[in-house]
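Right, one structure below, let's go through it.
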Amino acid sequence: MGAGIVGAATARALVRAGCDVTVVDRGSTAGGTSAGGEGNLLVSDKEPGPELRLAQRSLAVWARIEAELRDELPAGFPGLELERKGGLVVATTEAGAEALLAFADAQRDAGVLAETVDDTRAHELEPDLTPHSTATVFYPEDLQVQPVAATEALLAAARRHGARVRQGVEVTGPVLSAGRLVGVRVDSGTLPADAVVLAAGPWSGLVAERLGVLLPVRPRRGTVLVTSRMPVRVRHKVYDADYVGAVGSGSADLQVSSVVESTAAGTVLIGSSRERRGFDERIEARVLAALAAKALLLFPFLAAAQAMRAYGGFRPFVPDHLPVIGADPRLPGLWHATGHEGAGIGLSLATAELLRDQLLGGTADPLAAEFRLDRPTLLPHLEGAAR
Amino acid sequence: MTEVLVVGGGPAGMAAALAARRHGARVVLLEAGDDIGGQYWRHLPGGRADPGERLWHHGWDRFLAMRDELLGDDGCEVVTGAHVWSVERRDGAPPLVHVFVGEPDGQGREPRTLDPAALVLATGAYERTLPFPGWDLPGVFTAGAAQALAKGERVAVGRRVLVAGAGPFLLPVVAGLLRIGAEVAGVIEAAGPAQLAGGWAPRPWQLIAARRKAGELAGYARQLAAHRIPYRTGAAVVAAHGTDRVEAVTVARLTRDWTPVPGTGRRIEADAVCVSHGFVPRTELALAAGCAVGVDGAVTVDERQRTSVPGVLTAGELTGIGGVDLALAEGEIAGSVASGGVPAPGAVRERAVFRKFAARLAAAHGIRPGWRAWVDDDTVVCRCEDVTAGALRRAAELTGSRGLRSLKLTTRAGLGLCQGRTCGRTVESMLTGSNEPGLLDPGRTAHRPIAIPVRLGELAASTRTSNREDVP
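Sequence lines, in order, name chains A and B. Using the working numbering, you'd call the opening residue of the first sequence number 37 and step up by one each time. Using the working numbering, you'd call the opening residue of the second sequence number 680 and step up by one each time.
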């Protein structure tokens, strides 16, 4: 359930392992969160722990995915725009510098390439960067991908291996047999299945409710500004050091921290805001103004650039900031692959492999245990309101 | 006292502002151009006034009287050079309207945020031009651009000009070209005799009340005859030819659904071509405000011109393409209602008459789906991002996606500087044609939450300097 990038990657992984797979989505392919972000494959924003390990595993899969898909897809399929451009995290205050350097130290111990660079090197990497930085760390492993193209490519590959993709089909309820989920009801009938995978991103809580279980996945709003095309003057993914703190925060209030990057098309994307306010799709002037102001702190030359578009999306937020991957112990037959907040594009490929291995009963993977639904940090949230 | 904000200084917006003033409301009228009047009464700027301006317009005296009344009224603030970049929906109040005032592409424009008690949107329409091979050659103009150059600059787009497309708007374009000395090689109307008769002939008595329009059209017809300009129906320009610019076009006969008939292509020499296939309501501000739209993309209104959003009214082309008389009537009703008044019965009657006229217009000249057959795979559909029709069709076939959002992002169609203003409808209809059973999120190309490009420096400064104002 869900034709975003996590559903797409999971479908491809399962169908390649010999499963008979159907993907259903209430809307169209790549029409939700996967189309609402920048396409980040990051290690730079992750502290040592299970999410970082999942990201590192994902990066290894991303490294070989283009070649695999080239074999699986017909010529002329839109490219993924996968760029190994690296990320540059920039602190602009003394306190920020101290926090960033300590964070990078811990990441290095966890195997992340995190190169602390001096001002000269920082401006070699980004000539138009603000002269007022207090510390800069370069993360050569950070990648960028065009998330919609990646989703479509994974889905098309799944279809080539025999999966069916049904768009505009809404799941309305469970099909149960002896306390086990054996399929779902959809608006046009029923779909029987031995395993049902919930990969509906921020809407996962709502779908889970229809299946009769509570799942604490809630939407966290984000907004991105897009400039008109320009010659490339932002060469890496460039973040202000506040970004790291904002990603890990659980606050419902608006937070804005800068993420600036160029796309293959020549536009510059400016993120990112975080705010919990349900599925409210409004794009507010105050948020856009705050995004612009933050971006100018990193790249003053952008003052003359034109913003021509803004788009928003909803991240699937989980209270303890870890995705939920694996079986639902409360309802046999139901599996989860959701709750990646803003990191689902990057984490999708390793998520799909973890889920496949558990679903097909392979060897126990110690990392899988970290994302169980009934982990201690999530247990308190499994009772009470789902939304 | 009710305070009314009117966005758009064309006929509908002017009528709305005047009506709101008559009902005692204080009014702010925002207009992006240098002067009010809109596309319909577009004229030379004040510094280069033409004593013969009247000859260029229908209802010029009425325009002058309306403008004088608005500009001379202390209760109405007319703000020209006012570029609305964001309309922000709120719960329990009409939306906030964010504006930059100054040069269109300026830096350091003055930011203003208006907090109206009632908002009348009268933003008009965009021109719709269907693509064809060669339409991106220099010398191919939209009819609206040709008319704007003639009316606003007194410049002719070519020496020998062919005018093509659909709808009565082609005729004033011919008149404008003749007035500035161009030769018009012909007028090519895509609607065939059956379509034209189906729109214009049933219940001809309905036209009696709209005879002003009939008189205008008869005047244009006499002009065509006097200049011996061929007027051909059921045909279309299906290709433009030339190396550096247009030298000739191919005109082919069309079936009833506008599919070109093979073997009927005929070459016509011309150094410029003006093409227009009608208009599309300019809805980005209304959509940002949360207003419901119908399947035709026009904003849905009730009999008092109220939209689905409390406190937001619309008038003119935004509610459906209908021309100046309908815009004036709707504007007057919207302005009256926005200020808490009751619309004048005369305006309500006029609206009824010209709505029927608008329905006939749509029937007689409305775009039919066969046109997609003249767009070959190499024809650029989205010109900002250089996306060809073939690339669109291939992406739809290869991905199987029924999502416009996904297909836009995989092809980049509609993502360029114009944000789909020019190509949006075309992209949607091409994708609908190639991916049955159709798109699951149609209409998306009309969404532009940033209504005009804004410099990041201006945007960043806007929160610091812009105080929210009540209107006025």
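Each residue gets a CB set at the ideal place from its N, CA and C atoms; glycine is no exception.
Next on the checklist: Closer than 8 angstroms is the cut-off here; do at least three beta carbon pairs connect the stretch 1028-1046 of chain B with the stretch 1005-1019 of chain B?
Outcome noted: yes
Checklist entry - How would you call B:R907, buried or exposed, if buried means at least 16 neighbouring beta carbons within 10 angstroms? => result The residue given as residue 907 of chain B occupies position 228 in the second sequence. Classification of B:R907: exposed, given that the 10 Å Cβ count is below 16.
Checklist entry - Counting pairs of beta carbons, one from the stretch 771-789 of chain B and one from the stretch 1131-1139 of chain B, are three or more of them closer than 8 angstroms? => result yes
Item to check | the stretch 809-816 of chain B in contact with the stretch 694-704 of chain B per 3-pair CB rule at 8 angstroms | outcome: At 8 angstroms Cβ cutoff, the stretches do not touch.
Checklist entry - Where does B:P795 land, buried or exposed, given buried means 16+ other C-beta within 10 angstroms? => result To locate residue 795 of chain B, count along the second sequence from 1; it is residue 116. Buried.
Checklist entry - In chain A, which residues lie with their C-beta within 8 angstroms of the C-beta of B:L800? => result Indexing the second sequence from 1 puts residue 800 of chain B at position 121. Per Cβ cutoff of 8 angstroms: no residues; B:L800 is ~17 angstroms from chain A at best.
Checklist entry - So A:A39 and A:V201 are in contact, right, with Cβ under 8 angstroms, and what is the actual spacing, rounded? => result As a working note, residue 39 of chain A is residue 3 in the first sequence. As a working note, residue 201 of chain A is residue 165 in the first sequence. Between A:V201 and A:A39 the Cβ distance is about 6 angstroms, and since that is below 8 angstroms, they are a contact.
Next on the checklist: Counting only Cβ-Cβ distances shorter than 9 angstroms, please list the residues of the stretch 182-204 of chain A near chain B, keeping chain order.
Outcome noted: Q182, P183, V184, A185, T187, E188, A189, L191, A192, R195, V201, Q203, G204
Checklist entry - With DSSP run on the structure shown, which of helix, strand or coil describes B:W720? => result Locating residue 720 of chain B in the second sequence gives position 41, counting from the first residue. Three-state result, B:W720: coil.
Next on the checklist: Does the structure place the stretch 713-721 of chain B close enough to the stretch 685-696 of chain B that three or more beta carbon pairs sit under 8 angstroms?
Outcome noted: yes
Item to check | Helix, strand or coil at A:P163 according to DSSP, with G and I counted as helix | outcome: Here residue 163 of chain A is taken as the residue at index 127 of the first sequence, counted from 1. Note: A:P163 maps to coil in three-state DSSP.
Checklist entry - Which residues, in order along the stretch 67-89 of chain A, keep a beta-carbon less than 8 angstroms from a beta-carbon of chain B? => result G67, A71
Checklist entry - Does any residue of chain A bring its CB to less than 9 angstroms from the CB of B:T792? => result If you number the second sequence from 1, residue 792 of chain B lands on position 113. It does: the Cβ of B:T792 has a partner Cβ on chain A nearer than 9 angstroms.
Item to check | Coarse secondary structure for A:D61, derived from DSSP in three states | outcome: Numbered from its first residue, the first sequence carries residue 61 of chain A at position 25. In the structure shown, A:D61 sits in a strand (DSSP, three-state: E or B).
Checklist entry - Does any residue of chain A bring its CB to less than 9 angstroms from the CB of B:D1055? => result On the second sequence, residue 1055 of chain B is found 376 positions in, with the first residue counted as 1. Judged by the 9 angstroms Cβ criterion, B:D1055 is not in contact with chain A.
Checklist entry - Applying a beta-carbon distance threshold of less than 8 angstroms, which residues of chain A neighbour B:E1213? => result Shown here, chain B extends from 680 to 1151; a query on residue 1213 of chain B therefore has no answer.
Item to check | For B:M693, the three-state DSSP class (helix, strand or coil) | outcome: As a working mapping, residue 693 of chain B is identified with position 14 in the second sequence. The DSSP-derived three-state label of B:M693 is helix.
Checklist entry - Are the C-beta of B:P872 and some C-beta of chain A separated by less than 9 angstroms? => result As a first step, residue 872 of chain B must be located in the second sequence, where it is residue number 193. Chain A contact via Cβ: absent.
Next on the checklist: On the DSSP letters alone, give me the boundaries of the alpha helix (DSSP H) that A:A273 sits inside.
Outcome noted: Position 237 of the first sequence holds residue 273 of chain A. First, the amino acid is wrong: residue 273 of chain A is Lys here, not Ala. Where A:K273 is concerned, there is no enclosing alpha helix (DSSP H), although the beta strand (DSSP E) it sits in stretches over 273-276.
Checklist entry - Are there 16 or more other CB atoms within 10 angstroms of the CB of A:R392, so buried, or fewer, so exposed? => result Here residue 392 of chain A corresponds to residue number 356 of the first sequence, with the count starting at 1. Buried.
Item to check | Proximity test, Cβ basis, 9 angstroms: A:I306 and chain B | outcome: Reading the first sequence from its first residue, position 270 is the one you call residue 306 of chain A. With 9 angstroms as the cut-off, A:I306 counts as an interface residue toward chain B.
Item to check | Cutoff 9 angstroms: B:G771 Cβ touching any chain A Cβ | outcome: In the second sequence, residue 771 of chain B corresponds to position 92, counting from 1. Not an interface residue.
Checklist entry - Along chain B, in chain order, which residues have C-beta atoms closer than 8 angstroms to that of A:A112? => result On the first sequence, position 76 is the one that residue 112 of chain A refers to. The residue you asked about is not Ala; residue 112 of chain A is Gly in the sequence shown. R1073, L1077, listed in chain order.
Checklist entry - Just curious, the beta strand (DSSP E) that B:Q786 is in, first and last residue? => result Translated into positions along the second sequence, residue 786 of chain B becomes position 107. B:Q786 -> no beta strand (DSSP E), and no H or E assigned at all.
Item to check | chain B residues whose Cβ lies nearer than 9 angstroms to that of A:A319 | outcome: Position 283 of the first sequence, counted from the first residue, corresponds to residue 319 of chain A. It should be pointed out that residue 319 of chain A corresponds to Ile in this sequence rather than to Ala. Near A:I319 (Cβ distances below 9 angstroms), the residues of chain B are S765, E767, A967, P1128, I1129.
Next on the checklist: In this structure, how does DSSP classify A:L305 when only helix, strand and coil are distinguished?
Outcome noted: As a working note, residue 305 of chain A is residue 269 in the first sequence. The answer is strand: DSSP assigns A:L305 an E or B state.
Item to check | is_contact[A:G63, chain B] using C-beta, thresh 9 angstroms | outcome: Stepping through the first sequence from its first residue, residue 63 of chain A is reached at position 27. It does: the Cβ of A:G63 has a partner Cβ on chain B nearer than 9 angstroms.
Next on the checklist: What ranges does the alpha helix (DSSP H) occupy inside the stretch 173-203 of chain A, keeping only unbroken runs of at least 4 residues that lie completely in it?
Outcome noted: Qualifying alpha helix (DSSP H) stretches, in chain order: 183-196.
Next on the checklist: Let me confirm a value: B:T1124 is counted as buried when at least 16 other C-beta atoms fall within 10 Å, else exposed. Which label applies?
Outcome noted: Position 445 of the second sequence, counted from the first residue, corresponds to residue 1124 of chain B. By the neighbour-count rule (16 or more Cβ atoms within 10 Å), B:T1124 is buried.
Checklist entry - Between A:L290 and A:A326, is the Cβ-Cβ spacing less than 9 angstroms? => result Mapped onto the first sequence, residue 290 of chain A falls at position 254. Mapped onto the first sequence, residue 326 of chain A falls at position 290. In this structure, A:A326 lies closer than 9 angstroms to A:L290 by Cβ.
Item to check | Presumed contact (8 angstroms Cβ cut-off) between A:E151 and A:V173, rounded CB distance | outcome: Taking the first sequence and counting its residues from 1, the one referred to as residue 151 of chain A is at position 115. Taking the first sequence and counting its residues from 1, the one referred to as residue 173 of chain A is at position 137. Contact between A:E151 and A:V173 holds, with the beta-carbon distance rounding to 7 angstroms and staying under 8 angstroms.
Item to check | the stretch 774-791 of chain B: positions lying closer than 8 angstroms to chain A by Cβ | outcome: L775, H777, Q786
Checklist entry - Are the C-beta of A:R345 and some C-beta of chain B separated by less than 9 angstroms? => result Your numbering for residue 345 of chain A matches position 309 in the first sequence. Taking Cβ atoms only, chain B reaches closer than 9 angstroms to A:R345, which makes this a yes.
Checklist entry - When DSSP labels each residue in this structure, what does B:A897 get in the three-state scheme? => result In the second sequence, residue 897 of chain B corresponds to position 218, counting from 1. If DSSP states are grouped into helix, strand and coil, B:A897 belongs with the helices.
Item to check | CB-CB length for B:G877 against B:A1042, believed under 8 angstroms | outcome: Here residue 877 of chain B refers to the residue found at position 198 of the second sequence. Here residue 1042 of chain B refers to the residue found at position 363 of the second sequence. Yes, B:G877 and B:A1042 are in contact; Cβ-Cβ is about 6 angstroms, under 8 angstroms.
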